[in-house]
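Here the sequence shown stands for residues 1281 to 1507, where the numbers follow the numbering used here.
We treat Cβ as the ideally placed atom computed from N, Cα and C, and that holds for glycine.
For reference, the structure discussed in these notes is given below.
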Amino acid sequence: MTRSPVLPILVIMSHRLVGRQVSRLDDGETIANMNRLTSLFQGVAIASMLAGCARPPLIPAAPSNARICCTSLASLPTQPLELDESVSIAFDAERSPVFSFPEGNGAFAAFQLPDGAAASTLRLRAFVSSSTLPLATIVRANVMFLDAQHAPIPAAREAALTLERRVFRTSYGDGVFAVPPTAAYAIVYTGSPRSARAIARSENGTRYAIPFSYTGDVDVLLQKAPQ
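This is the structure in structure tokens:
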């Protein structure tokens, strides 16, 4: 992404012009004009920044079959996941291991669940890639539970994704899954980019349907279900 040199200049100009208004107007008019000027220059600055950036594709290309690492679910490499442990995954469409899932090829991370995981929930927290919403993407984080023989357990693989905003930090979407009683493994993977997209709102109320990507950060947390 090429950064536009206009952005810092516009921000500086907005502060200078707002400062001039303060000396000319009373308090009520000053606040109103400051808000209008700040919004104006922020909008111009964002537009200038977007002009130098390519928007992400609505439907990204899936990882190729040549990237598939394993021939069966039983051959997927796994790592242990303990109760109350949070693991961060950085999915990379070009480098992460790939497997063929029901929704298509996807990057994945496979976990071996501990004893007693049946009465727990698996929380997948996917992070929005950018605070500039027109440029943002997010991973459609799905999960497939397997029994001790590595057979898929019939259960929801996709959860409703509700985006939460965090001030000065990256927004995220949580998906929560009940761990089936016979689950021994959990495969977290990038789901279909054609799934219903999550909606994010900007500070001015504009709604954006965030495209899904095969690249992005996901936190995995296994915790006891609330009683």
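Same chain, Cβ closer than 7 Å to residue i, neighbours up to 5 away in sequence not counted
i: Gly1496; result: Phe1371, Ala1406, Phe1407, Ser1409, Thr1417, Ile1418, Val1419
i: Phe1457; result: Thr1401, Leu1402, Val1423, Ala1436, Ala1439
i: Arg1304; result: Annotation note: pLDDT 40 at Arg1304 (below 50); position unreliable, no value reported.
i: Glu1365; result: Leu1502
i: Cys1350; result: Leu1356, Phe1379
Among the options, nearest to residue i - alpha-carbon criterion
i: Phe1381; options: Leu1443, Pro1432, Ala1398, Arg1335; result: Pro1432
i: Pro1434; options: Pro1461, Phe1391, Pro1414, Phe1492; result: Pro1461
i: Ser1376; options: Ser1451, Asn1484, Phe1492, Pro1357; result: Pro1357
i: Asn1345; options: Leu1363, Ser1451, Asp1364, Ala1387; result: Ala1387
Burial state of residue i (16 or more Cβ within 10 Å)
i: Gly1231; result: The question about residue 1231 has no answer here: the residues shown for the chain are numbered 1281 through 1507.
i: Pro1343; result: buried
i: Ala1331; result: Residue confidence for Ala1331 is low, a pLDDT of 43 falling below 50, so the modelled location carries little weight; the figure read from the coordinates is stated next. Its Cβ having fewer than 16 others within 10 Å, Ala1331 is exposed.
i: Tyr1494; result: buried
i: Asn1385; result: buried
i: Ala1464; result: buried
i: Gln1485; result: The identity of residue 1485 in the sequence shown is Gly, whereas the question assumes Gln. Exposed: under 16 other Cβ atoms inside 10 Å.
i: Ala1373; result: buried
6 Å CB neighbourhood of residue i in its chain, flanking five on each side removed
i: Glu1383; result: Gly1471, Ser1472
i: Ser1368; result: Asp1499
i: His1430; result: Leu1353, Ala1354
i: Leu1413; result: Ala1480, Ser1482, Tyr1488
i: Ala1428; result: Ala1464
i: Phe1492; result: Arg1420, Pro1473
8 Å Cβ cutoff met for residue i and residue j
i: Ile1490; j: Arg1481; result: no
i: Ala1421; j: Val1468; result: yes
i: Gly1393; j: Val1423; result: Reading off the sequence, residue 1393 comes out as Leu, not Gly. Contact flag unset, no.
i: Ala1505; j: Ala1399; result: yes
i: Arg1474; j: Ile1339; result: yes
i: Ala1389; j: Leu1502; result: no
Own chain, CB closer than 8 Å to residue i, minus 5 neighbours either side, in chain order
i: Arg1335; result: Pro1414, Leu1415
i: Phe1448; result: For Phe1448, the predicted model reports a pLDDT of 46, less than 50, meaning its position is unreliable and no value from the coordinates is stated.
i: Leu1426; result: Leu1353, Pro1432, Ile1433, Ala1463, Ala1464, Tyr1465, Ala1466, Ile1467
i: Leu1361; result: Val1367, Phe1391, Gln1392, Leu1393, Pro1394, Ala1466, Val1500, Leu1502
i: Leu1363; result: Pro1394, Gly1396, Ala1397, Ser1400, Leu1502, Gln1503, Lys1504
i: Glu1444; result: Ser1451, Tyr1452, Gly1453, Asp1454
i: Thr1442; result: Gly1453, Asp1454, Ala1478
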